[in-house]
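Structure first, commentary second.
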DNA sequence: ATTTCTGGTTTACGAGTGTACACATCGACC
DNA sequence: GGTCGATGTGTACACTCGTAAACCAGAAAT
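Here is the structure:
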């Protein structure tokens, strides 16, 4: 509690970043079992503590706010990918390092992850498309990273993307299930982490046997 | 157009199965880029052609309708699983047979599939949980089916489920992307089918190398 | 032939929603 | 010191929403 209430009926909003407050508020609300198109403008502005129309000062409409959410969610995720990358390189057991990093970051940004997973398929056009585009980007980065591993050095990028997409899909699915159990239930979480590791391991076992050229 | 308009302002609704009409109407509406909790009761009843309150004659509320949707969607899917099963057994190339069957049925029941994929993660508690429960059931059936294949005969069920979950997850993801391109764009569709086949093939390549006991 | 059940109708109400418009306050800039 | 743009506020309007209540037609059962 620093300085509050500067004017009269003025909700202070820390002077400057109401936009950020809106984005955070949206994540907060969406975290509570709501889908984006079930989120109303008024509800959001109420949560943030501003008048209904003030939202227009920052976004032309809800859809644009949705896109900003996607942007924000993936800004975090890209950073994660970076860190995961170095973690993997410096480890003798890349798979469990990967999963461990992932888990840490999923827990740290639960609402962002939640948003990505929920709106990836559900939802309304623009947002969904944006998410997919970004996810495909993540996939590409993963593909690049995969290219450094022994067996895959010579693989065509098509095959690399195939593997990357498989990995990303299963990780997203598992991450969502982890988030769905509350931060409680450590047992279920550990179980899911183990599942993730095993799936990745299975995939990597298939790699040496893959014939990169084609069928 | 058989006999219509029996009474006065009476929307006939084929006399008898308005309940089914509601379910179908819901699928229809949800197919058009809407999430379930963005679907209003009035909108639905309007679509079906009955008064707003008439919905209560068939469901206590929206949530129960949601559960009915899940039920209906998976009724179809279970049947699919059956057919896919026999298709696979009678084929020399189980993977491409699998994907082909899947594609056929996905196209035939596009709205049901759409619903499952969208509401699996997004959405509001009860519906989502129901979907997951059913999906886990499908996974189990797949696991059973997997147990018939050479290398996996002796695998513990935990490992079978691990593989099944990996397969189900990636197939759902790919199916959704196929549905998202309209029925047009045959090229993209073929590309995705190929991706599905390749991912499954990679997984199966890993299987002989897997050590069922543990790490 | 009358009753009762089922599935529908109409009307109504209060709450919530998106958007438009007019006004206030602050910080920055000349 | 005055102007101005950015960011708020408030009121207002026309909708839509969920739910309640009372009524109504046809089918089935007695």
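Residue numbers (the working numbering), protein chains in the order written: chain L, 135 to 349; chain Z, 135 to 349.
Note that beta-carbon positions come from the ideal geometry of N, C-alpha and C, so glycine has one too.
- At a cut-off of 8 Å, the C-beta of residue 300 of chain Z has a neighbouring C-beta in chain L.
- For residue 209 of chain L, the closest C-alpha among the options L/152, L/269, L/263, L/313 is that of L/269.
- Beta-carbon to beta-carbon, residue 178 of chain L and residue 160 of chain L are separated by about 6 Å, close enough to satisfy the 8 Å threshold.
- Look at residue 255 of chain L: its C-beta is under 8 Å from a C-beta on chain Z.
- Relative to the Cα of residue 157 of chain Z, the nearest Cα in the group Z/166, Z/203, Z/168 belongs to Z/203.
- In the three-state DSSP reduction, residue 346 of chain L falls in the coil class, being neither helix nor strand.
- Counting C-beta pairs with one atom in each stretch, the stretch 243-261 of chain Z and the stretch 226-233 of chain Z have fewer than three that are closer than 8 Å, which means they do not touch.
- About 5 Å separates the CB atoms of residue 312 of chain Z and residue 326 of chain Z; that is less than 8 Å, so the two are in contact.
- Taking a contact as a CB-CB distance under 8 Å, the pair residue 200 of chain L and residue 340 of chain Z does not count as one, their CB atoms being some 38 Å apart.
- In the DSSP assignment, residue 283 of chain L falls outside any alpha helix (DSSP H), carrying neither H nor E.
- Using a CB distance cut-off of 8 Å, residue 321 of chain Z does not count as an interface residue toward chain L.
- Apart from the 5 residues on each side of it in sequence, residue 153 of chain Z sits with its Cβ closer than 6 Å to the Cβ of 192 in its chain, given in chain order.
- In the DSSP assignment, residue 315 of chain L falls outside any alpha helix (DSSP H), carrying neither H nor E.
- About 17 Å separates the Cβ atoms of residue 337 of chain L and residue 276 of chain Z, ruling out a contact at the 8 Å cut-off.
- Contact between the stretch 252-270 of chain L and the stretch 164-172 of chain Z is present, with at least three C-beta pairs closer than 8 Å.
- Restricted to the stretch 221-252 of chain L, the alpha helix (DSSP H) segments that are unbroken, complete and at least 4 residues in length are 228-242, listed in chain order.
- Interface criterion met: the Cβ of residue 258 of chain Z is under 8 Å from a Cβ in chain L.
- Chain L places no beta carbon closer than 8 Å to that of residue 225 of chain Z, leaving this residue out of the contacts.
- The beta carbon of residue 323 of chain L sits closer than 7 Å to those of 312, 315, all from its chain and outside the five residues before and after it, given in chain order.
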